[in-house]
Amino acid sequence: MPKIKTHRGAAKRFSLTKSGKVKRGKAFRSHILTKKSTKRKRGLRKPGYASVANAATVKKLIPYK
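For the sequence shown, the positions run 67 to 131 when my numbering is used.
This is the structure:
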């Protein structure tokens with residue numbers, strides 16, 4: 067069997083935790099930050115986790131991570 071190619075777009079956006087969860091960044095943090103509260107922006111810094119439904123798909127895209 068040939069090796070599976072890693073989806074480079076997914077590799078840049080997702081990483082796996084030791085327990086096997088899929089870690090992701092949060093949206094709405096790139097621009098138009100003046101109208102967002104400090105509390106909201108601080109919360110967006112923390113990592114999010116992909117839902118169980120989507121995690122299986124992402125794991126197929128990043129098999130060696």
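Each residue gets a CB set at the ideal place from its N, CA and C atoms; glycine is no exception.
Keep in mind that this is a model prediction, so the values were computed, not measured.
Check whether residue i and residue j have beta carbons under 8 Å apart
i	j	result
residue 114	residue 78	no
residue 82	residue 131	yes
residue 74	residue 116	no
Local conformation of residue i per DSSP, three classes
i	result
residue 95	coil
residue 109	helix
residue 84	coil
residue 78	helix
residue 47	Given a span of 67 to 131 for the chain in the structure shown, any question on residue 47 remains unanswerable.
Cβ distance (whole Å) where residue i is taken to contact residue j below 8 Å
i	j	result
residue 118	residue 80	With a Cβ gap of about 14 Å, residue 118 and residue 80 do not count as contacting.
Contact set for residue i: own chain, Cβ-Cβ below 7 Å, skip 5 residues either direction
i	result
residue 76	124, 127 and 128
residue 110	92, 94 and 95
Between the CA atoms of residue j and residue i - distance to the nearest angstrom
i	j	result
residue 99	residue 108	11 Å
residue 106	residue 72	33 Å
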